[in-house]
Amino acid sequence: MSDDDRGRDAQAGADGAPVAVVGMACKFPGADGLAAFWRLLASGEDAVAPGGGTRAGRRPGGYLPDVDLFDAEFFGVPAPEAAALDPQQRLLLELTWHALEDARTTPEGLTTGPVGVFVGAGSDEYAFLSRTGNARPSTYTMTGTGRTFLANRLSHFYGFTGPSLVVDTGQSSSLAALHHAVLAVRRGECAAAVVGGVQLNLTAEGDEVVEALGALSPSGRCHTFDARADGIVRGEGAGVVVLKPLDRARADGDRVYCTVLGGAMNSDGDRTGLTAPSETAQREVLAAACRRAGVAPADVRYVELHGTGTAVGDPVEAAALGGVHGQGRRADRPLLVGSVKTNIGHLEAAAGIAGFIKTALALSHRRLPASLNFRTPNPAIDLQALHLRVCARGRDWPAGGTPRLAGVSSFGLGGTNCHVVLGEAPEPAAPAGPDTAPGSAVPVVLSGRTPAALRERARDLAGAVAGRPLRLADLAWTVATARRAFRHRAAVIASDPDELVRRLRDLADGSPDDGERGLVQGTRGEGRTAFLFAGQGAQRVGMGQGLYKEFGAFAQAFDEVRTRLEPVLGADLADTMWHRQDVDRTEHAQTALFAVEVALYRLLESFGIVPDVLIGHSLGEIAVAHVTGVLSLEDAATLAAHRARLIGLLPPGGAMIAVQALEEEAREAVAREPGLVGIAAVNGPRSVVLSGEEQATVRAAARFEALGRRIRRLRVSVAGHSPLMAPVQDELRSVAEGLTWNPPSGPPVVSTVTGEPVDPEQFAAPGYWVHHVCAPVRFAPALTTAHRLGARFFVEVGPGRALTTLAAETVDHGEERFAAPLASQHEAAAVAEAVGSAHVFGLPVRWEAVLGGRARRVGLPPYPFQRRRHWLDTAGEPAPQAAAPAAPRWSGEPFDLVVTCTLQTLGLGPEADLDVNRPFSELGLDSRMALALRSTLARITGRSLPPTLLFDRPTPASLIEALETDAPL
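Just so you know, we're using our numbering here: the sequence shown kicks off at 3 and counts up by one.
Dropping the structure here:
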């Protein structure tokens, strides 16, 4: 290499910023996952064994079990395509998901820029099987077995828009892919990169090819640098790593395993035979990698060898290492070397990524695993003279004054050599954000593509949490922000890890609780959110005190309200609510409820939980007027305080009685009474409140009691929403006319005076509020209207759960969800449950506000894929419906027709479950299958159906609904 070349290398090393390894995943022999792989390495285990199962009779090697299993549903792959899909593609799909989870992020959250995909691969044995077997080529053959799709399918599924390529340099493929990924990140071609390596040895013919080359070990073990070295042992597996620029990773608060400081690639050229290694070429690539990394070779303390354990390759590699890393090295600091091939065999195209992951873990754990099967040094290798030492026993990383440095080598049989230099991770930065504490109870949310996956995730998380010291806020932050939320969801409310574990296990065991015992669960909903503001009667001593102590947003809003109420009230509102026993007095109850409701609204708003529809029950409508801008806080507090004061001044008397009756029945009973009695509220389909003079009200209620209906007298001092309220109207009008009224803005308001959406002019006029105090509360009709407007998630803004109970009785058709954030004396737990309900329904929660500003992401168990067998013998595209004897007949009822035809199109039997609310795309229908299903339905029904049918009706449920009418589609 010329001096100019060396200068350019040095400049590249200076300019090349470190690239961080932020996530990893693997599936290697004897190690399904990173934790298992490190245990295997740290314990010095050997996963090489004779072939078993479908590999029975094969030579000893490192084999993966169950390579025919795949969670096709998770990845939206229909069964016929899954059968045609090279299991190497399947492995990479699953491991990429786990690597992103290990990076504590989601595909969308990894970066805002393009993500590159670089895959090292060199085997096409599934394609070989598909050609030699009885399976005929299908629509999916090319995309299923074409090697380019190992990368392209990842980019397509994950939405990654950076470079997407497969690298094949023989046995150095995956490390070469990583080297290219690092360069692409440094050049700015991608903001992050996913790098994978994969190798599956599916056929005995592959063994025979390697044996014919004379490379297989007769002893069935890899003896790297040992005198017994006699060849390689084949292995298989896959690994994926996630890369980001180090400065970006630190800014994002990522956990960093290690950094890639630089690397180099070259070729043997014609210096040796085609398959013989070149010491000169290896020296050059080692030296170039160190120059580009900006490190002195003598400072590197460990190198993960190519280390195949061959009589020819080992001495050449040792000589090259000594010639570069041995120069200038102190005698008491030999270069430590080892080979993962002694643990799991030679993974060929995936060998480089296996060695890389081992070394990254070693740097992270600051411990070097043993290189196995080393007893007597190869006589052709003078370890002492070369300043090398095989790391034959596990040991702590050598202490030293310089940062920990390591190298990883991978050499292709055809002469393509690659080496990369790794550095230890820098100390993590302190968490950013305000140091605010979360509530004393937090929602821990989790989800799954299927109910079974959700339960398994709960079980895995319980096992990971049990006995582990952690901050619940960190765990809750991670599951909420670093895991994608699927359709089947749950929230577990807990105040400490032990409670979390118990409730997670309840969920895992199939507990049906939803809104009980700290569990919320269900499927993601669709629709609008309605806030229900409570009226008098919901108050209780101590309401809001827990939230005031734990949540700054609540306390700030509450204090702003109380400073405006107390001058009219003439008392300390907090003392009245939390310490004295007279909160039931009308002037105290109504003002306290107004303060709590406004503060609770602001707290929920800070969490990102905001309404699309607003309903106020009686007094609650004043809070609605404030949050929609009709009244400023000052004026709304004035109206609430004077309304409460005036009603409190009325002479005691009258009665209010809740009766089980239809509204028409109540009207008839009231009409028969000569005294002053009326309907104060229509709360539900069979829930009415009568109010008025005591005797008249009692007599009217007795009519229903005589019919066996339930009645209940309410604890009130005056008969609200009755003619007895008339004396306050004039003075209330005077107060209202002194306020500033504005047209409502924001979400629509459904009036409980009319039961319909408010007239903006009337709602912002004093007369509405004067009439309001005597008018019946038409809560049930208002709920029905809100439901008609699309409300499906109902949140009670006030203490208790009376309104959401009434809502459930009125509009619950099975797809609605109800939350009451102040239903419990443990207010933080009740709010956490409401937040969990919002998440289950599908609202975007602001988790940083819920959990405090200093929560950090922590490690969690990976997603539990629900795999089943997909192989060439399970293939076979869906039979044409015209020839299918089980094709349903058209009876005019579309449910069975749509379900049966969809299952047939997916290649599934009638016993399979079909979630009719899940989009066709998530069920696994691609565009070709969507057209086939549309043609089948058109033929069977005899109707003209457009080609865009499944685009316009994206779920089976919506398609069924469309086919139930005769309207043109």
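Built from N, CA and C at the ideal position, the CB exists for glycine as well.
Keep in mind that this is a model prediction, so the values were computed, not measured.
8 Å Cβ cutoff met for residue i and residue j
i, j, result
"Pro729", "Met545", "no"
"Pro745", "Ala777", "no"
"Glu238", "Leu349", "yes"
"Leu927", "Leu602", "no"
"Leu474", "Val444", "yes"
"Ala353", "Phe227", "no"
"Gly622", "Phe535", "yes"
"Leu152", "Val184", "no"
"Val242", "Ala387", "no"
"Cys260", "Glu103", "no"
"Arg853", "Ala478", "The sequence given here places Leu at residue 853; Arg does not occur at that position. In this structure, Ala478 lies closer than 8 Å to Leu853 by Cβ."
"Ser555", "Phe596", "Correcting the residue identity first, residue 555 is Ala in this sequence and not Ser. No, the Cβ-Cβ distance between Ala555 and Phe596 is not below 8 Å."
"Gly208", "Glu127", "yes"
"Phe795", "Thr806", "no"
"Leu933", "Ala940", "no"
"Val467", "Ala493", "no"
"Ala484", "Thr108", "yes"
"Thr565", "Ser634", "no"
"Leu95", "Arg57", "no"
"Ala682", "His644", "no"
Classification of residue i by the beta-carbon crowding that lies within 10 angstroms, buried from 16 upward
i, result
"Leu374", "buried"
"Glu879", "Its pLDDT being 44, under 50, Glu879 is placed unreliably in this model, and the coordinates cannot settle the point."
"Leu951", "buried"
"Met144", "exposed"
"Gln592", "buried"
"Ala884", "With a pLDDT of 33 at Ala884, under the threshold of 50, the modelled position of that residue is not reliable, and no figure is offered here."
"Pro653", "exposed"
"Pro317", "buried"
"Pro882", "Since pLDDT at Pro882 reaches only 36, below the 50 mark, its modelled position is unreliable, and no value is offered."
"Phe953", "exposed"
"Arg189", "exposed"
Where the beta strand (DSSP E) through residue i begins and ends
i, result
"Tyr304", "304 to 306"
"Pro445", "444 to 450"
"Thr943", "Segment 929 to 943 is the alpha helix (DSSP H) holding Thr943; no beta strand (DSSP E) there."
"Met26", "21 to 30"
"Arg530", "530 to 535"
"Val243", "239 to 247"
Rounded distance between the beta-carbons of residue j and residue i, thought under 8 Å
i, j, result
"Gly694", "Leu678", "5 Å"
"Gly524", "Arg491", "7 Å"
"Phe76", "Phe867", "6 Å"
"Ala481", "Val446", "The residue asked about is misnamed: residue 481 is Val in this sequence, not Ala. Right, their Cβ atoms sit about 6 Å apart."
"Val684", "Glu665", "5 Å"
"Val69", "Pro89", "5 Å"
Top-ranked residue by Cα proximity to residue i, from the options
i, options, result
"Gly148", "Tyr160, Phe162, Phe130", "Phe130"
"Ala460", "Gly572, Pro864, Arg945, Ala153", "Pro864"
"Thr943", "Glu895, Leu925, Gln906", "Glu895"
"Asp384", "Gly402, Thr404, Leu365, Leu323", "Leu323"
"Asp614", "Glu670, Thr630, Val600", "Thr630"
"Arg285", "Leu370, His421, Ala217, Leu664", "His421"
"Glu599", "Ile359, Leu616, Arg587", "Leu616"
"Leu456", "Leu407, Leu472, Asp508, Pro499", "Asp508"
"Leu571", "Gly855, Glu665, Pro116, His590", "His590"
"Arg133", "Val918, Asp875, Glu966, Ala964", "Asp875"
"Pro400", "Arg303, His367, Glu458", "Arg303"
"Gln80", "Val297, Pro890, Asn154, His872", "Checking the sequence, you will find Pro at residue 80 rather than Gln. When each option's Cα is compared against that of Pro80, the closest is His872."
"Ser839", "Ile659, Leu606, Arg138, His581", "Leu606"
"Pro759", "Leu734, Trp771, Leu785, Thr113", "Leu785"
"Val700", "Val661, Asp761, His723, Asp732", "Val661"
"Phe703", "Met658, Val720, Ala721", "Per the sequence shown, residue 703 should be read as Ala rather than Phe. With distances taken between Cα atoms, Ala703 lies closest to Met658."
"Lys246", "Ser219, Gly64, Leu180", "Leu180"
Extent of the continuous alpha helix (DSSP H) run through residue i
i, result
"Met579", "575 to 580"
"Val847", "Here Val847 belongs to no alpha helix (DSSP H), and DSSP marks it neither H nor E."
"Ser132", "127 to 134"
"Glu286", "281 to 295"
"Ile355", "353 to 367"
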